[in-house]
Each structure stands twice: as C-alpha cells, then as structure tokens.
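One structure is given below, encoded as structure tokens.
Numbering (this note's numbering), first residue to last: 38 to 227.
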C-alpha cells in the first residue's frame with residue numbers, strides 16, 4: 038500500500054509528502070557495534086518529505102492492522118492559525134478517506150530511552166472527521182526514544198515511539214474498526 042504525493046501549503050510553509058511504502062516488508066542485515074542481525078519479512082515503511090522546514094514542529098504516525106492502514110501528520114510553526122493535521126485511511130484498494138483533526142490528546146508519562154530525563158506519553162488519542170465520517174484512534178506507547186534538538190535555539194526533544202493502536206468509526210456510511218502496531222513521532226520540551 039502507498040500514499041500518493043501531496044503538497045500542503047500554509048502561507049510561508051510548504052510541505053510535500055509521499056509514502057511509497059505505507060505497508061511494506063523488508064529483508065536484509067543490520068549491523069551495529071560489530072554485531073549483525075538478519076531480518077526477513079520485517080515490517081517496513083518508506084517516505085519522502087520536501088519543502089521549507091525552518092523552525093517547525095511536526096506530529097506524525099503510520100500504522101497498519103489486518104484490514105486498514107493509516108498515516109497522520111501535520112507540520113506547523115509558531116505562527117500557525119489553523120490545524121495542519123490530517124489522517125489518511127487506506128485499505129487494500131488504496132486511499133479510503135482523508136480526514137482532518139484539531140489536536141492530539143497525549144496522556145500520562147513514561148521514561149524514554151536516549152536523552153536523559155525526557156518523558157514520553159503513555160498513550161494518545163485523536164478524533165478525525167470529514168463531513169459525516171468520523172474515526173477515533175487510540176494508541177498505547179510501548180517504547181520511545183528521545184533525541185535532543187538544539188539547532189537554531191530549538192530546545193525541544195524529538196520522540197520516536199512504537200506502539201499499538203485501535204481504530205473505530207464510520208467512513209462512507211460503513212463501520213470501520215481495526216487494531217495493530219505502528220510508529221509515531223512528536224516533540225516535547227522535557
């Protein structure tokens with residue numbers, strides 16, 4: 038499955054995105070610290086971004102279950118006046134619906150690996166809508182890695198998270214529901 042190229046523009050902010058591998062598998066060998074591990078049929082993801090991304094923050098996630106896959110995201114700067122967020126829902130036939138949401142509700146705190154003293158959320162949720170369609174997404178975070186981002190005075194920490202999701206709602210008059218696992222990104226101040 039893939040997500041086709043899109044370009045989003047908000048005043049001075051230009052952001053382009055394409056996901057040729059929204060649901061994919063990979064095989065190969067990964068070597069770190071002199072140790073190698075062979076992977077066959079591992080879950081994989083592949084995307085490309087472009088645009089003017091100076092002093093911006095983003096929220097992003099991609100996940101799949103047996104029936105559905107989704108991609109959500111939004112790039113914004115400190116002057117953003119409108120929600121940049123979208124959630125694209127796909128099935129075996131392609132993009133099923135693109136919905137919008139206003140915010141992500143992060144809940145709880147847990148230790149992350151990487152940068153010392155940085156907490157990650159335990160869970161998060163969002164509700165995305167478009168006309169009569171509504172999708173609710175709940176994610177439980179199982180692992181998080183924090184990296185310090187200090188470029189140009191950007192004193193925040195980048196969180197890369199792995200977790201499990203449940204999704205439910207109505208799209209095109211039909212009930213939708215699925216669960217599975219995925220990868221998610223956000224920024225925190227500590």
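Backbone N, C-alpha and C define an ideal beta-carbon position, used for all residues, glycine too.
Task: Which of helix, strand or coil DSSP assigns to residue 52 - done: strand
Task: Range covered by the beta strand (DSSP E) that runs through residue 138 - done: Premise fails: residue 138 is in no beta strand (DSSP E) and is neither H nor E.
Open item on the list: If distances are taken between C-alpha atoms only, which option among 225, 53, 125, 150 comes closest to residue 193?
Closed with: 225
Open item on the list: Report the CB separation of residue 107 from residue 124 in whole angstroms; it is logged as a contact under 8 Å.
Closed with: 6 Å
Open item on the list: Which same chain residues end up closer than 7 Å to residue 215 when comparing Cβ atoms and leaving out the 5 residues on each side of it in sequence?
Closed with: 102, 103, 104, 105, 204
Open item on the list: Nearest by alpha-carbon distance to residue 86: which of 183, 110, 70 is it?
Closed with: 110
Task: DSSP-derived helix/strand/coil call for residue 71 - done: coil
Open item on the list: Using a 10 Å radius around the Cβ and a threshold of 16 neighbouring Cβ atoms, would you call residue 127 buried or exposed?
Closed with: buried
- [ ] Could you work out which residue in 94, 39, 176, 63 is closest to residue 52 when comparing CA atoms only?
- [x] 94
Open item on the list: Here's the rule I'm using: 16 or more other beta-carbon atoms within 10 Å means buried, otherwise exposed. How should residue 76 be labelled?
Closed with: exposed
TODO: Rounded to whole angstroms, what's the CA-CA distance from residue 11 to residue 71? Just pull it up for me.
DONE: This structure cannot settle anything about residue 11, because the visible part of the chain is limited to 38 through 227.
Open item on the list: What does the alpha-carbon distance come out to for the pair residue 150 and residue 195?
Closed with: 12 Å
Open item on the list: Can you tell me whether residue 158 is helix, strand or coil according to DSSP?
Closed with: coil
Task: Per DSSP, cross-strand counterpart(s) of residue 128 - done: 131
Task: Exposed unless 16 or more other CB atoms sit within 10 angstroms - verdict on residue 210 - done: exposed
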